[in-house]
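To keep things clear, I will list the structure first and then write my remarks on it.
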Amino acid sequence: MTDMLSSEAVELHLRGRFGKPYLYEPECESTQQLLVDSGLPEGAVAATDHQTGGRGRLGRTWEEPAGSSVLVSVLLHPPAERRLPELSLVAALAVAETVELAVVLAAQVKWPNDVMLNRRKVAGILSELSDGTVVVGIGINVNQTRDQLPLGAPTEPASLRTATGTTYDRAVLLGSLLMRLERMYDVWLDAGLDGIYGGLGARDFLRGRRITADGEPATAVQILRDGRLEIETDSGEVKALESGEVLFAR
199 MTDMLSSEAV
209 ELHLRGRFGK
219 PYLYEPECES
229 TQQLLVDSGL
239 PEGAVAATDH
249 QTGGRGRLGR
259 TWEEPAGSSV
269 LVSVLLHPPA
279 ERRLPELSLV
289 AALAVAETVE
299 LAVVLAAQVK
309 WPNDVMLNRR
319 KVAGILSELS
329 DGTVVVGIGI
339 NVNQTRDQLP
349 LGAPTEPASL
359 RTATGTTYDR
369 AVLLGSLLMR
379 LERMYDVWLD
389 AGLDGIYGGL
399 GARDFLRGRR
409 ITADGEPATA
419 VQILRDGRLE
429 IETDSGEVKA
439 LESGEVLFAR
């Protein structure tokens with residue numbers, strides 16, 4: 199089983215246009231920085247075995263032992279009218295389906311950009327826009343042991359290994375992810391979130407849960423077809439969130 203995301207290991211598992219070209223660095227500050235302002239075509243991918251400055255939403259850091267995660271960014275050129283938050287949900291659904299296939303357990307999408315397994319976070323997505331180009335950064339906890347996962351995170355983390363007791367070939371996992379992401383991205387370009395809403399709705403982790411949205415107690419209703427999260431506050435007000443910090447009661 200390979201323990202690297204090198205070109206030699208991953209290109210064997212690439213079946214579509216995503217990953218052409220495929221950039222690999224054993225260590226870098228972040229895979230997103232390898233693609234921003236690169237001038238590369240849509241579908242270019244950058245991956246690493248260790249990030250020294252990985253970031254998540256709201257400026258949080260993404261930390262992991264070297265060689266334990268899938269750390270990848272994909273360069274995309276969606277039409278200007280497409281909403282960036284929708285793209286994070288597209289990527290999250292692709293990750294959830296990839297994880298499900300690997301571990302044979304139900305994975306869910308936690309709005310706006312996390313993937314959950316057994317009520318714990320196994321993956322996060324960060325989409326960033328720069329001069330009409332979007333870089334979608336994805337981090338999946340794969341082979342970390344329990345004591346290698348970070349403490350004090352807002353959402354309790356897990357890895358595929360802690361969920362199943364099995365280690366996984368990260369190159370195979372990445373190839374599977376890129377295939378699904380490419381397919382879902384094309385559907386989204388053609389039909390918007392309507393094209394994947396069935397899969398997204400079926401994996402809506404927050405649906406019906408008690409949450410705190412930007413500090414306000416509420417109940418999550420559903421992810422809407424435009425990518426917003428519908429909630430009902432304790433005062434009975436129904437809102438649709440564009441973004442924000444959503445915590446759920448365990």
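Counting in this note's numbering, the sequence shown runs from 199 upward without gaps. The beta-carbon is built from N, C-alpha and C at its ideal position, and this holds for glycine as well. Keep in mind that this is a model prediction, so the values were computed, not measured.
DSSP-derived helix/strand/coil call for residue i
i, result
"V302", "coil"
"T200", "For T200, the predicted structure reports a pLDDT of 46, less than 50, and the residue's modelled location is therefore unreliable. A value from the coordinates is still provided. In this structure, T200 counts as coil in the three-state DSSP scheme."
"A244", "strand"
"G434", "coil"
"S228", "coil"
"T343", "coil"
"R378", "helix"
"Y220", "strand"
"A289", "helix"
"E428", "strand"
"L256", "At L256, the pLDDT of 48 sits below 50, so the modelled position is not reliable; the number obtained from the coordinates is stated separately. Helix."
"P355", "strand"
"S267", "strand"
"T250", "coil"
"E443", "coil"
"T360", "helix"
"P276", "coil"
"R215", "coil"
"L404", "coil"
Top-ranked residue by Cα proximity to residue i, from the options
i, options, result
"L324", "I338, T296, G330", "I338"
"P263", "A289, L282, Q342", "Q342"
"I421", "L372, G397, P415", "G397"
"R318", "V243, S204, E326, Q306", "Q306"
"S441", "G434, L427, S205, A361", "L427"
"L472", "S433, G350, E326, M314", "The requested residue 472 does not occur in the structure, where the chain is confined to residues 199 to 448."
"A245", "Y383, C226, A300", "C226"
"G406", "W309, G393, A418, E414", "A418"
"G322", "A356, D312, L210, S328", "D312"
"V444", "E430, S433, G413, G434", "G413"
"L282", "L238, P310, E430", "P310"
"K218", "G373, I429, Y395", "G373"
"V270", "E298, V302, F216", "F216"
"A389", "P277, D201, D432", "P277"
"W386", "T353, M202, R280", "R280"
CB of residue i within 7 Å of CB of residue j, strictly
i, j, result
"Q249", "S266", "no"
"I409", "A416", "yes"
"G425", "L391", "yes"
"V268", "V208", "no"
"Y366", "A300", "yes"
"G204", "Y222", "According to the sequence displayed, residue 204 carries Ser and not Gly. Yes; because the gap between Cβ atoms is below 7 Å, this pair is in contact."
"E240", "L274", "yes"
"P355", "L349", "no"
Buried versus exposed call for residue i [16 or more other C-beta atoms within 10 Å across all chains shown]
i, result
"R179", "Nothing in the structure corresponds to residue 179, since the chain is present only between 199 and 448."
"A242", "buried"
"E284", "buried"
"T296", "buried"
"L404", "buried"
"G363", "exposed"
"A447", "exposed"
"T360", "buried"
"S328", "exposed"
"L287", "buried"
"V302", "exposed"
"D247", "buried"
"V272", "buried"
"V436", "exposed"
"A438", "exposed"
Residue i CB to nearest heavy atom of the ligand NAP below 6 Å
i, result
"I323", "Absence of the ligand NAP is noted for the structure shown, with no ligands found whatsoever."
**Asked** On the three-pair Cβ rule with 8 Å, is the segment 221 to 236 touching the segment 325 to 336?
**Response** Because the criterion of three Cβ pairs below 8 Å is met, the segment 221 to 236 and the segment 325 to 336 touch.
**Message:** Taking 8 Å as the cut-off, does the segment 283 to 295 touch the segment 368 to 378 (at least 3 CB pairs, one atom from each stretch)?
**Reply:** The segment 368 to 378 vs the segment 283 to 295: in contact.
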